[in-house]
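Numbering (the numbering used here), first residue to last: -14 to 528.
What follows is a set of notes on a single structure, which appears directly below.
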Amino acid sequence: MRKFFGKFAKRAAVFAAAACVLAFSLSVLAACDNKTADGGFVIGTTTVIASADRSDYNYDQLSAGLTQQALVSAGADGTYSPLLAEFSTEDSKTWVFTVRDGMCWDDGVPVTADDILFTLGYADEYDSGNWLSSITDTTGAVTESKLLSADVSADGRSITLVFREADVRALSDLTSLRIMPEHIYEGKTTETATPSENRVGCGVYMFESFSRDAGTITFVPNPYYPADGELAAERITVRLFGGEDTMYLAFANGELDMLWRYSGGVDATVAATLAENGNAEIIPVAADNLPAVLAFNNSSSPFDNLNLRKAVTYALDYDRFRELFASEYSSPSQAGFVPPTTLGYISDTEVLSRDLEKAREYLEAGLAETGLASLSFRLAVNSGNATHMRYAELVRTSLQDIGVTVTIDAMDVNSFRAATTNGFSDGNVTHQACIIGYTSNGMKMMGGLGTIYMDGTHAVQGVSQVFDEEFLSIADALSAAGTPEEYAAAARECQLWYAENLPAVALYYDSQMQVVSRRFTGFVTDANFGLLNAETWLSLERA
């Protein structure tokens, strides 16, 4: 015990998460009998779910890998596989998607290509989808629809999508678009449909029950799903925990088979401790999300000044961030922002490291340009994310070394979203800088490379409030790329622009540490949804 925890002593001394690990470590190492129910699979999460239907964002993300399905899935190796539909194309412009034989909604109604067409229209109307309709951004500029046409075949099983330009990322864009049942949502939205209607899906499992008092959601196999043979998990129970410490104890005591957090994993210290049990397996998932980002508001003072952005960038203690927060699979971040798993990634932008001499030089130049006597700013943070609060504290102490004053502006999640995104603020983003994490799906949306988070004209995101014409032109080129070569060229330009202008800083790159029970084997990694995905449930076997 003493030897094992020695290498984590610094973390334990500084952070509550590591102290929590120490508190339950004896239980972890002592636990050896798995107590999960026979025939069942139990998932633990600290994600807050209030209503357990699609109108609840967190439930929507959870159920994406259980009761819902997109047209295709993306593997960890970058390949695409049919999920709801088979697909084909000859020119990357015209794509045909054919609903797989036997696919039905869990109320028994067959899935048709009309459901796909309906979903595209719904995404346009309510989620800024831009599939069939043009979009007018916050500046009044119009973005034409992605598709020229979408035609359903006479038998209702296939839909032909003709893109405005050849789109080499068409499949990537469709991996996160879960298809909706037209017979449920015609004339309704997820906000006006009943909870039971909002739970209808076509996934491997279907919703069974939700108990707010017990803190459980249960799912059972969808009897209409065309699976080969019986599923290893006869029932999936999701247990909702109020805190990470009790969840980790439950896993250590053999009560859980998986820990889940959308687009995230388990703290590296906790994962290593749980693995000592012998009952747990750590599965590192190479991630194209960014768990730790310092995003500047590039359109307002003080970070509309490049030299002040550079001063902060070079003052950050990146080694310390990795030491305290990252896993053994982490790597230093680069000025090009995007992680190495990103399509179109280039390795020749600067690796970020602390350089206080440079930081002071840029600070002096920035203060002279702006007329400020000193640099101070508010750092917005979601107070409900304990790890992000600790990131913010390390940013604050790092910048003290060059005389920069940081006031940590801790907000509840709704206030944080309103301060940092266009969609939650009606285009009135007010933060000066913020600590935030970017999901795998978000990093790939529109043209990819995290452009939706940078683009100040984006209807939903726009965290960094970038309105630079050169950047917007590059983002358009990414979206319009018709060949792999065109996309690679635009991706290179995008990363070089990031490196030169530093609109945001990735604090480190890391794999996601997924922790699962050794009671089961056959876990499959999905590039968007991690281990919680349809292929896992179809491949899962009892050990």
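Backbone N, C-alpha and C fix where the C-beta goes; we use that ideal spot for every residue, glycine too.
Note that the structure is predicted; figures quoted are calculated from it, not measured.
Item, Value
"Rounded C-alpha distance that separates D213 from D340", "58 Å"
"C-beta contact flag for S496 and A272 at 8 Å", "yes"
"Contact belief for Y330 with V323 at Cβ below 8 Å, rounded distance in angstroms", "6 Å"
"Rounded separation between R307 and F226 - CA only", "27 Å"
"Spatially closest choice to D198 from S119, M191, I144 and A37, by CA coordinates", "A37"
"Touch test, the stretch 471 to 478 against the stretch 289 to 309, Cβ-Cβ under 8 Å, three pairs minimum", "no"
"Boundaries (first-last residue) of the beta strand (DSSP E) holding P269", "A265 to V270"
"Neighbourhood of R402 by C-beta, 6 Å cutoff - its chain only, sequence neighbours within 5 removed", "F409"
"Cross-strand partners of E71 (DSSP beta bridge)", "T83"
"For N407, the nearest candidate out of V445, S157, M396 and L69 (CA to CA)", "V445"
"Stretch-stretch touch, CB-based, cutoff 8 Å, three pairs: the stretch 489 to 508 with the stretch 172 to 188", "no"
"Inter-residue CB distance, M531 and S368 (contact presumed, cutoff 8 Å)", "Since the displayed the chain opens at -14 and closes at 528, residue 531 lies outside it and no answer follows."
"Cross-strand partners of T392 (DSSP beta bridge)", "R363"
"Contact check, L159 vs F148, beta carbons under 8 Å", "no"
"Cross-strand partners of C187 (DSSP beta bridge)", "Looking at the DSSP assignment, C187 forms no beta bridge with any residue, so it has no partner."
"Runs of beta strand (DSSP E) wholly within the stretch 254 to 304 (minimum 3 residues, chain order)", "265 to 270 and 275 to 281"
"N370 versus Y65 - alpha carbon distance", "33 Å"
"When T32, A460, A512 and A491 are compared against Y247, the one with the closest alpha-carbon", "T32"
"N274 versus I421: straight-line alpha-carbon distance, rounded", "11 Å"
"Environment of Y42 [buried if 16+ CB atoms lie within 10 Å]", "exposed"
"Neighbourhood of R527 by C-beta distance below 7 Å, restricted to the same chain and skipping five residues each side", "A217, R504 and F505"
"Where V84 falls, given that 16 or more other Cβ within 10 Å makes a residue buried", "buried"
"Same chain only: Cβ atoms within 7 Å of P536, ignoring 5 sequence neighbours per side", "No answer is possible for residue 536: it lies beyond the span of the chain, which begins at -14 and ends at 528."
"Nonlocal neighbours in the same chain, by C-beta distance under 6 Å from E219, ignoring five residues either side", "G24"
"CA nearest to the CA of G125, picked from W482, A462, T442 and L525", "T442"
"DSSP state of I459 mapped onto helix, strand, coil", "helix"
"Touching by the beta-carbon criterion (3+ pairs, under 8 Å), the stretch 72 to 83 and the stretch 184 to 204", "no"
"Pair within 8 Å by beta-carbon distance, Y483 and P317", "no"
"Counted within 10 angstroms of its Cβ, other Cβ atoms place G427 as buried (16 or more) or exposed", "buried"
"Cβ neighbours of V27 in the same chain (closer than 7 Å, five flanking residues each side left out)", "T21, T222, R224, E240, L241 and D242"
"Same chain, Cβ closer than 8 Å to S12, neighbours up to 5 away in sequence not counted", "Any answer about S12 is weak, because its pLDDT of 43 lies below 50 and its placement is not dependable; what the coordinates show is given next. Once the five neighbours on either side are set aside, the close Cβ partners of S12 are L234, A237 and N238."
"Delimiting residues of the beta strand (DSSP E) encompassing D92", "Segment: none, D92 is in no beta strand (DSSP E) and carries neither H nor E."
"F401 - containing alpha helix (DSSP H), residue span", "V398 to T405"
"For V336: DSSP bridge partner residues", "Q319"
"As assigned by DSSP and simplified to three states, the class of N19", "Residue confidence for N19 is low, a pLDDT of 41 falling below 50, so the modelled location carries little weight; the figure read from the coordinates is stated next. It is coil, neither helix nor strand."
"Cβ neighbour criterion (16 or more within 10 Å) applied to Q319", "buried"
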